[in-house]
Amino acid sequence: MKPAIFDYFRATSLEHACELLSTHGDDAKILAGGQSLIAAMNYRLARPQVLIDISNIDNPNQITDETTGVRVKATTTQAFAEHDPVLRRRLPVLADAIRHIAHFQIRNKGTVGGSIVNADPASELPAMSLLLDAEYEIQSASNKQIMPAEDFFITYMTTALQSDEVLVSILFQEPPKNSGWGLHEVARRAGDFALVGSAAVIALDVDDKCSYARVVLFGVASTPVRAKEVEDAIVGQVCSNKFFEQAARKVSEVVDAESDVHVTDEYRGNVAEVLTIRALADALGRAKAAS
Amino acid sequence: MVDKKKISLNVNGVTYDKEIEPRTLLSDFLRHHLDLTGTHVGCEHGICGSCTILMEGLPVRSCLTFALQAEGKAIETIESLDTDGELSSLQNAFWENQGLQCGFCTPGILMSMKAFLKDNPKPSRDEIREALSGNLCRCTGYHDIVDSVVAAAEAALSSGSAEQA
Amino acid sequence: MRKPIEIAGVTKHIGVPRKRSEDPQILMGQAKYVDDIKLPGTLEIAFFRSTHAHARIKNLQLDGAKQHPNCLHIFTNEEFSAGATTFFPNTLGTLHPVLLPFLAHGKVRYVGEIIAAVVAPSRYIAEDIVDLIEVEYETLPAYNDVEDAMQPDATLIHEDLESNIYYADAFSNGDVDKAFAEADLVVSEKIKTGRTSAAPMETRGVMATWGWDETLTVWSSTQMPYPLRTSIAVNLGVPEQTIRVVAPTVGGGFGQKAHFFPEEFILPWIAKEIKQPVKWIEDRREHLLSAAHAKQCTIYMDIAFKKDGTMVGMKIKNIGDSGAYSQYPWSGLIESVAANNGAPGAFTVPNISFETVVCLTNKMSTGAYRGIGWSAGCYAREMVMTKAARLLNLDIVDIYRKNFIRHDEFPYTTATNQTYDSGDYHKVLEKCLEMSDYINTKKQPRSTEDGKLKGVGVAFFVEQTNWGSRSAAESGFPATMHDTTTVEMDPTGKVTIRSGQFSHGQGLKTTLAQVAAETLGVPFEDIVVLDGDTATGAYGMGTFASRSAVIGGGSVIRAATDVRNKLLTIAAHVMEANAADLEIDEGKIYVKGSPDRSMTVAEIAYITYYDRFARPDEDEVEPTLIATRHYDPPAAYANGAHAVHIELDPLTGKVEIKRVVAVEDCGNMINPKVVDGQMRGGAGQGLGMGLLESLDYDESGQLKNASFMDFLIPNATTLPDIECAHIVTPSPYTEGGFKGAGEAAMLSVHIALSNALADALSAYDGPLVPMVTPIGPQQVMDLINNTNQPEAR
Amino acid sequence: MKLEGTADFIYEPTDVWTALHDIDVLTKTIPGCTSMVPDGEGGYLVAVSLGVAAIKGDYEGKVRVTDVEFPHHYVLDGEGSGTPGYINMKVSCHLDAVERGTLMRWNCDAEVGGLIAGIGGRVLTGVSKYMAKQFFKALNDEMKDVFAPKQIESTEG
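The listed protein sequences derive, respectively, from chains L, X, C and P. Just remember that the working numbering sits 35 ahead of the position in the first sequence, which is counted from 1. Take the second sequence: its position 24, counted from the start at 1, is 10 in the working numbering, and no numbers get skipped. Just remember that the working numbering sits 275 ahead of the position in the third sequence, which is counted from 1. Take the fourth sequence: its position 2, counted from the start at 1, is -6 in the working numbering, and no numbers get skipped.
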């Protein structure tokens, strides 16, 4: 199908985009990479009256090395981020996650910010934001704010971003130095949306007890979810794969999955547990190698 | 009716200046405004890959790009691969190895593989399959396409320059 | 008149893996598909389609849409009330022609049915106008499952029928009850195969223009241009000779584009009505909603075994899901009728009874897709055999070897009266087992260190190919199915093949030229094949059902032999030699034994046209170098085997395909590279059907996955390399000893996949054998946890 | 599409019933509801503007209340259509008096068609559940300044 009629404005910068948003208000939608938005518009499901194109602002791709982590400009393409040496060194789990997003042709145009604002609970970047305590720099014509990722995702494809606000950049915070990471997802084909996914970061103290744990699940609720109960069960304990099998049972506290054409909600709950064990096992392996 | 917007861009070395409706997809712009019908449209939701073209050297879906987003950019389509009817070594490798049957997916595959081979001059069969996973083909079962990409990589290496592709 | 050239095995042009002459144009982006053809002033069409699965149209509101400044026309059943009438002989017992009105008439029966056609300057604008059309529906109960629609109290989908079953038939051969009474083991299962779509990369497309000279030209992405031309003539009342149908380059069809769709009549009617060219290019959502679906059957399969694995009896009830209409020209019978007639497969099972039912549902109509009903029918048989093997403590291979037709028993007539011409099934199976290392793999442990389970599966098929009148009849479709070809040599000795076939990916422009070059003795480069355009071809049924190499090739051999014999007769006169002593090779005619006494084909051709003094007297020998021959051979049955290695993650149900081996015996091969392509493409589609593909409707008849995001076909990482091998047992019945090879994998590779899954799960007690397709992660976990399996009665 | 859920109220069933049938309350609490007027045949004409991400749709529909057993059970029979698609639904609601007030059990059987049906999938059920939660939360807030909570005898110890 072909998209419905809309008016088009090309922003030269994110500030310019905010001005345009404030004049057009609710009818306007930001066009970044467009990989989800244009697909929905071609399907005539999404029919914004006004599109504000930020894909051609001056130097859209920007990744900066900061003390607590890596700041990624929202208009940075997923492919640019995937291959960025700083990001790969400081946040290997994020680089690995991006490689699971669709195909390289999509990642060449899809942006890090666009995927986060689209807020599909089964996509990788919203989940990575929770895993890495991301902070979102949000701007409108009148003000600027920093919002932790935890407060950003409301429900399916719905975020706290107001209609006159733009996501400017994302600060992904680096986990403790000697931490290890694991990421497992089940998708029916390479490049498909994850049916279920689990990511973990753990760090060990001097006598092999867990000093830091983050476990995030995606595809199992209306937003990505942090499995705090699993984290609490691990911190302070000596970790082993056997131990993880027990701790991972607590994912059921946060799983609130739906069924679709591919698998049932029950499948998603069971497999979330399996993938969490595998993610934690990988994280433990890497943490031991790192310390 | 929203008024038309001006667009100027370079496709296969030629600069075009046109006026179009903002909602015109880049795929439709190339095929119906510039009569470059080599790029094909198979789904219009970014999955099948038949519409893949190069924008500033990067393979992207022209069905998930509005023509206006390509303002001032350099676009390459399948019509740019041969030189006056002389197939490139990439195209020739597909001919030698029957890397196509109905040919509808072929343009998207050739443009994707041209970019892929430039960044990965010596790919393994699994790496080629991973790179091809964004281009669906219903006729070949992919085996002969992978053979063709292997042959193209070897041809490019032996002729000394990946640009030859 | 010399006997047609005997072609045995590999010769100068046959059995040669030539590069395809059609490829350069495609590779340069110059090949023209329907949407690439430009006519000045072409208007575009978008359809207003039903969003309800079963409803009366109470009130269709077009005023809002007609006020749109660019709305040129909106047509409904009021203006165009024609409907498809079949001209295929309707001799199939109780078949009721529940044929589709081109534009919905008062009632809609599936989501996607066309209610109105909007004509506008562009597709974009046409869709804006479609959005302004409003309609009030009076909803009726919708049926998603055949076993609900079959109930006596079910609401009738077609009020003029007594029930939603529009075809039922039964057959029995041998003493089935006695066989079952004396059996050591009877396995009874209910098998449910998923609904899928061929989903070629090019969706459908039609363009039509009405000339000042009252002629109608129709471009369509069809597999059968000539029958479409006749059907347009019949249904629009336009003299056939004023109609030209052009199938330009077509982007894959696989049987789905071998139908007559409403759009292929609506557009020509509109072009004639408004005297302007119109075009409709189907989008992917429309395609998944309203291009023929396939493969969905509910099968009750009972097989009786002796302890040693011998199959003594089969009882089958196959309920085909026809969808809302009888998809013209094959009808919903294409699934269960074909499946039941192919029930015996490669086996000598003597006592068979089957019941065939075709039932309407409120979903898109079912049509032909590669392997038609055999895909589901063979799957049902083989899954029951796999379970029996486990219960009898045998390997499925033992049951194959025990029940195979032996190579000295051909020609062999099966219990369902199909006559297999030739084959060596044991030899082909052993080749597949050896190439796939099946026997050793079975001995190794299933589980790997990283917690996966390994499995290997095998399957064997007999594929009825070259659909001529007799093979169609043998599979339950008594339709006339021959083909014709014209071979013409021009004064410069160049040859034109006017074919009734139409290549949409099969490389016929190359393979038919190879056959002509071999028969005529002229260089391959001197031959051009014209197919797909009714102005330049010869009347033929088109390309589907693995028929083109055999019937297309066979009619080329016959027509080319007539031209060769005429050429030799004239050359004998001119060279004062005896025609029997003359040979032709690479365009040179010479006397056997004295190659210097020779002339070129071009010289003889020129004399034939331009030198009445040198050529024989016109009354004795017509000075023409043209021949048209038809060809309608008996069925030729190809065969082969597939082996599939998988790795299963038992905790997520994810199946990874590690190795695929395909062995094929399709008699002599014209171009082995093209045959390999068919084997690999078929394996890709078969594995997609077995692992991923399912069009899912909810209970109210809404299609839940009408996009490539959720209707999944294999991509390059789903499939491994497909290792091919050939065994050649020529057909004694066909010209050149050819057999078809197009559909093979769709009767076998998905069976080998499910066999491999059963093998991987042999560690569990069960035996766990899948009785559904596809075997996605959910289905695999259901099998392991034994939840919601299709329970036999 | 089948959905079910529960909602707790600190008010008597009769009060919850009254709120659930009060047009002003409903217009304020149904997510995206822009207008609700009686259609003169015992039902209501409802206009709702709903948006999930970029998928914004204006729906017009009719709602009728049937199978009334005051104050414990009624069925909401509704149909609506808009550009993204249409929805026909039956929501059966049970109001049970419980110690703290009222427990409402609802289950909905909905047929969704049109564009959204072919691509909605898990988003559709997820968003519908979210909308239901929003509605009951808004309803509770709305009732605060109109109805008195159920008096519960305070038990010592």
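We put the CB at the ideal spot given by N, CA and C, even for glycine.
The three-state secondary structure of C/GLU738, taken from DSSP, is strand.
By the neighbour-count criterion, in which a residue is buried when 16 or more other Cβ atoms sit within 10 angstroms of its Cβ, P/ALA140 is exposed. In the structure shown, C/THR761 adopts extended strand secondary structure according to DSSP, grouped into three states. Taking each of C/VAL393, C/SER750, C/LYS307, C/ALA429 in turn and checking the Cα distance to C/GLN342, the smallest one comes out for C/VAL393. Within the stretch 99 to 167 of chain L, the complete beta strand (DSSP E) runs of at least 3 residues fall at 104 to 108. For C/TRP544, the secondary structure class from DSSP, reduced to helix, strand or coil, is helix. Taking a C-beta distance under 8 Å as the contact criterion, C/ALA391 and C/PHE350 qualify as a contact pair. Between C/LEU491 and C/ILE518, the C-beta gap is smaller than 8 Å, which places the two residues in contact.
When only Cα atoms are considered, C/LEU923 and C/THR694 end up about 40 Å apart.
Counting along the chain, L/GLN208 sits inside the beta strand (DSSP E) bounded by residues 200 to 208.
The beta carbon of C/PHE799 sits closer than 8 Å to those of HIS288, ARG293, ALA788, GLN789, ALA792, all from its chain and outside the five residues before and after it, given in chain order.
Legend: CB atoms of the stretch 21 to 50 of chain X lying less than 8 Å from CB atoms of chain C belong to residues ASP21, LEU22, THR23, GLY24, THR25, HIS26, VAL27, GLY28, CYS29, GLU30, HIS31, ILE33, CYS34, SER36.
In this structure C/VAL624 is not in contact with C/SER611, their Cβ atoms being roughly 19 Å apart against a cut-off of 8 Å. The beta carbon of C/VAL521 sits no closer than 8 Å to any beta carbon of chain X.
Inclusion of C/ARG665 and C/PRO909 in the CB contact set at 8 Å is not warranted, their separation being larger than that value. Closest option to L/SER326, judged by alpha-carbon separation, among L/CYS245, L/SER257, L/SER287: L/CYS245.
Close to C/ARG398, with beta-carbon spacing below 9 Å, are these residues of chain L in chain order: MET36, LYS37. Shown here for C/ASP1057: same chain residues with a beta carbon closer than 6 Å to its own, the five before and five after excluded, namely ASN1063 in chain order. Nearest Cα to X/ALA101 within the set X/PRO8, X/VAL46, X/ILE(-7), X/GLY58: X/VAL46. Here L/LEU86 carries a strand assignment [DSSP, helix/strand/coil].
Every beta strand (DSSP E) of 3 residues or more that sits fully in the stretch 836 to 917 of chain C is shown, in chain order, as 857 to 860, 863 to 866, 869 to 875, 901 to 906.
Excluding the 5 residues flanking it on each side, C/ASP801 has same chain C-beta neighbours closer than 7 Å at GLY768, LYS769, VAL770, GLY862, in chain order.
L/THR190 reaches chain P at GLY118, VAL119, TYR122, counting residues in chain order whose Cβ is nearer than 8 Å.
Pairing C/ARG656 with C/MET639, the inter-Cα distance amounts to about 27 Å.
Per DSSP, P/VAL8 is not a residue of any beta strand (DSSP E); the alpha helix (DSSP H) it occupies stretches across 5 to 12. One finds nothing in chain X with a Cβ atom closer than 9 Å to the Cβ of C/ASN980; even the nearest lies about 12 Å away. X/GLU140 has a beta carbon lying at 8 Å or more from every beta carbon in chain C.
The C-alpha of C/ASN692 lies about 7 Å from the C-alpha of C/GLU749. Proximity of chain P to L/LEU72 at the Cβ level (cut-off 8 Å) is accounted for by ALA46, in chain order.
Nothing from the stretch 297 to 310 of chain L brings a Cβ to less than 7 Å from some Cβ of chain P.
Membership of C/PRO500 in the alpha helix (DSSP H) is indicated by the continuous run 500 to 511. At a cut-off of 8 Å between beta-carbon atoms, P/THR21 makes no contact with chain L. In this structure, C/HIS757 is the residue among C/HIS757, C/ARG398, C/SER969 with its C-alpha nearest to the C-alpha of C/ASP907. Contact of L/LEU55 with chain P is not assigned, every C-beta pair being separated by 8 Å or more.
Rounded to whole angstroms, the separation of the alpha carbons of X/GLY85 and C/GLY480 is 25 Å. Only LEU107, ILE108 from the stretch 82 to 108 of chain P bring a Cβ to less than 8 Å from some Cβ of chain L.
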